[in-house]
Amino acid sequence: MEHAVREEQGNLIVSFQGDVDLEHSPKAREVLLGCVAKGQDVFVDLSEVSYIDSSGVASLVEAFQASKQKGTRFVLVAVNAAALRVLELARLDKVFTIHETLVEGIRGGT
Amino acid sequence: MVHAPGDKEPLAQNAASTIAAGEIESAFALLAEMTRGFAESLDLEATLEQALASIAKHLNAEAGSLWLLDLEREDLHCRASVGPNPIKGIHLPMTKGIIGRSVAENTCQCVFDVRTDPAFSTKADDESGMVTRSLLCAPMSFSDQRIGAIELINRRGGDGCFRERDVYPLQVLASSAALAIANNRMAASLVDAERARRELELAAEIQRNLLPAARPDPFPVQGLNIPARTVSGDFFDFISIADERIAFCLGDVSGKGIHAAMLMAKTASLYRCMVKTIPRPAELLRLLNDEICETATRGMFVTMAAGLYDPRTGAARIANAGHEPPVCHAEGRFSIVEAGAPPLGIVPGVEIPEAELDLRGGSLYIFSDGLTEAETKSGDPLGREGFEALVSKFADMPLVSRVEAIVDHVSQLTLKDDLTLLAVSDEARSR
């Protein structure tokens, strides 16, 4: 798994590439919590994530919960079809705010 | 004067060649005694004290000290000392002094006569109250690992100075001590690993006891769990309640390992306790969710399907919180029960819908994703289709053998996660 973080107009955009699985989820967790801790809105680009397992989802859940505490936004954008299926199957689409593109995510409220 | 241990430099060779036969014998005897002491003793501290005393005695030193690198503090820690001023317990920075240099450079440091060595500082003497006339310091290292050093001060008798021929025995003895310390550390880490393994096995045994005991046919509910590691993040349960109905569930905690196993134990215990008074699946999962949310940690969650089967009517009520859809196989057709709510432990206060099924003399299967994600020989996951093919293949078997046959078949594939299967059979009613 690779990752990149960039800042655009005060928002943090985190993108992951590859598998977010048991081996890589500790790194994903560290990156996501680090971004949320900065107090800015965080947008997670999952367009290049073909596989996410339950430990990867747990990293997203923890960062999402941390952002709620901080009162900032935590939005998943451009989620890859396979990863989206995992989230929808587990009804996690009811938990996370998910947008088809980054632009929509930034524009589209909570 | 500086030279590295193991190098074939003229000093050490000359020193070795000028040692008298009697001294070599006595050095060998000491080496044998030290090696035996290290091999027999589990108390490294006492053995180091003993070894240092023997080395100082053998080389007629007035005082000696043994220093180990303290990796946490990144300095040197005196673990044994002999002589008039005990210094055991004190710490020295790595960057200072003869000992620090000996360890840092992995070289012997020798000042045979301080009066002829202008670089020697008497500052340490001022602090210890001892007058240094001569000193030897040999590093202890093992493979690439720096361990520490042994320092000797002042030779007894004569001019009080060590000679070149004292260097070689000290190097040999320091190497032997280094080997013993490295062995001792390795043994200690093996003991720790063994203790952790035993504790994990105990945890696994306790976990197995949280699962219900198998019931022989024709009991209509059966389950099996195969952990991917020693402990499991999956669980299942079933229990007969007062009016002949049977409550059942299967859950899967996110992640793997001991943290998943602990949340599994909590959820399984809560289920078993609560189902006796609240058998309705949706209500039970709603309460479980709120309970788990209260102590949620690290984003961990539980996907769980719970149900209530009535063997008199074939009706089953199912609530599914984020779990892989259970599969119903009746009259040769398959249908699924999709999740109606997110997994437990994420959002408190969530309402969880309940589906009502008529098993129509067929069977209901609940399983963890370890089953559908098991990799076939082609490298593809088994998937729900692959699972349904197995159900069709073994459909005529009695329930206990059927569950075993399916799990046995799947466990031959490459498992990536805990594998758990629970089946509810309504077939007794159709016969």
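Here the protein sequences line up with chains Z and X, keeping their order.
Numbering that gives the first Met the number 0 puts the first residue of the first sequence at 0, with every later residue one more than the last.
Numbering that gives the first Met the number 0 puts the first residue of the second sequence at 0, with every later residue one more than the last.
Backbone N, C-alpha and C define an ideal beta-carbon position, used for all residues, glycine too.
Fair warning: this is a prediction, and the values are worked out from it, not measured in the lab.
Check: Could you tell me which residues DSSP puts in a beta bridge with leucine 65 (chain X)?; Outcome: X:Ala79, X:Ile149
Check: Using a Cβ-Cβ distance under 8 Å, would methionine 299 (chain X) count as near chain Z?; Outcome: yes
Check: Which residues in the same chain as glycine 360 (chain X) place their Cβ atom closer than 7 Å to its Cβ, once the five residues preceding and following it in sequence are excluded?; Outcome: Gly313, Ala329, Asp425, Glu426, Arg428, Ser429
Check: Per DSSP, which one or two residues make a beta bridge with alanine 314 (chain X)?; Outcome: X:Asp309, X:Asp357
Check: Isoleucine 257 (chain X) and alanine 295 (chain X) - do their beta-carbons sit closer together than 8 Å?; Outcome: no
Check: When we look at the beta-carbon of cysteine 327 (chain X) and count the other beta-carbons within 10 Å, is it buried (16 or more) or exposed?; Outcome: buried
Check: Kindly identify the DSSP beta-bridge partner or partners of alanine 103 (chain X).; Outcome: Paired residue(s): none; alanine 103 (chain X) is not in a bridge.
Check: Have a look at proline 85 (chain X) and phenylalanine 63 (chain Z) and give me their C-alpha separation to the nearest angstrom.; Outcome: 58 Å
Check: In angstroms, rounded to a whole number, what distance separates the CA positions of aspartate 116 (chain X) and glutamate 22 (chain X)?; Outcome: 28 Å
Check: By DSSP's criteria, arginine 5 (chain Z) is part of a beta bridge. Which residues make up the other side?; Outcome: Z:Ile12
Check: What is the rounded straight-line gap between the Cα of leucine 199 (chain X) and the Cα of alanine 338 (chain X)?; Outcome: 33 Å
Check: Measuring alpha carbon to alpha carbon, tell me which residue in X:Val220, X:Glu71, X:Phe235 is nearest arginine 207 (chain X).; Outcome: X:Phe235
Check: Tell me, please, whether the CB atom of threonine 302 (chain X) is closer than 8 Å to any CB atom in chain Z?; Outcome: yes
Check: CB glycine 321 (chain X) to CB proline 342 (chain X), shorter than 8 Å?; Outcome: yes
Check: Against chain Z, with Cβ distances strictly below 8 Å, would proline 341 (chain X) count as a contact?; Outcome: yes
Check: Counting beta carbon pairs with one atom in the segment 136-150 of chain X and one in the segment 163-177 of chain X, are three or more of them shorter than 8 Å?; Outcome: yes
Check: Can you find a C-beta in chain Z that's less than 8 Å from the C-beta of glycine 96 (chain X)?; Outcome: no
Check: Quick check: what's the CA-CA separation for glycine 9 (chain Z) versus alanine 57 (chain Z)?; Outcome: 26 Å
Check: The beta strand (DSSP E) spanning aspartate 233 (chain X) covers which residue range?; Outcome: 233-239
Check: Which of the three DSSP states, helix, strand or coil, is assigned to methionine 185 (chain X)?; Outcome: helix
Check: Between X:Ala55, X:Val230, X:Arg214, which lies nearest to leucine 172 (chain X) when the distance is taken from Cα to Cα?; Outcome: X:Ala55
Check: If we ignore side chains and look at the alpha-carbon of each, how far apart do leucine 101 (chain Z) and arginine 84 (chain Z) end up?; Outcome: 19 Å
Check: List the residues of chain Z that valine 346 (chain X) touches, going by C-beta distances under 7 Å, in chain order.; Outcome: Val94
Check: Can you check whether the CB of serine 101 (chain X) is closer than 8 Å to the CB of serine 80 (chain X)?; Outcome: no
Check: Return helix, strand or coil for glutamate 44 (chain X), following the three-state DSSP convention.; Outcome: helix
Check: Would isoleucine 345 (chain X) and valine 60 (chain Z) be called neighbours here (beta carbons separated by less than 8 Å)?; Outcome: yes
Check: Is the shortest distance between the beta-carbon of lysine 3 (chain Z) and the beta-carbons of chain X less than 8 Å?; Outcome: Correcting the residue identity first, residue 3 (chain Z) is alanine in this sequence and not lysine. Answer no: the Cβ-Cβ gap between alanine 3 (chain Z) and chain X never drops below 8 Å.
Check: Would DSSP call aspartate 18 (chain Z) helix, strand or coil?; Outcome: strand
Check: Which of the three DSSP states, helix, strand or coil, is assigned to isoleucine 431 (chain X)?; Outcome: The structure shown does not extend to residue 431 (chain X), since chain X is modelled only from 0 through 430, so no value can be given for it.
Check: So leucine 75 (chain Z) is in the beta strand (DSSP E); what residue range does that whole segment cover?; Outcome: 73-76
Check: So, is cysteine 272 (chain X) buried or exposed, given that buried needs 16 or more other C-beta atoms within 10 angstroms?; Outcome: exposed
Check: Are there three or more Cβ pairs, one per stretch, closer than 8 Å when the segment 365-373 of chain X is compared with the segment 411-425 of chain X?; Outcome: yes
Check: Using a Cβ-Cβ cut-off of less than 7 Å, list which residues of the segment 247-268 of chain X approach chain Z; keep chain order.; Outcome: Ser253, Gly254, Lys255
Check: If we call anything under 8 Å between Cβ atoms a contact, is proline 168 (chain X) one with alanine 26 (chain X)?; Outcome: yes
Check: Name the chain X residues that come within less than 7 Å of alanine 57 (chain Z), Cβ to Cβ?; Outcome: Ser253, Gly254, Arg297, Gly298, Met299, Phe300
Check: Would lysine 69 (chain Z) pass as an interface residue toward chain X - the criterion being a Cβ-Cβ separation below 8 Å?; Outcome: no
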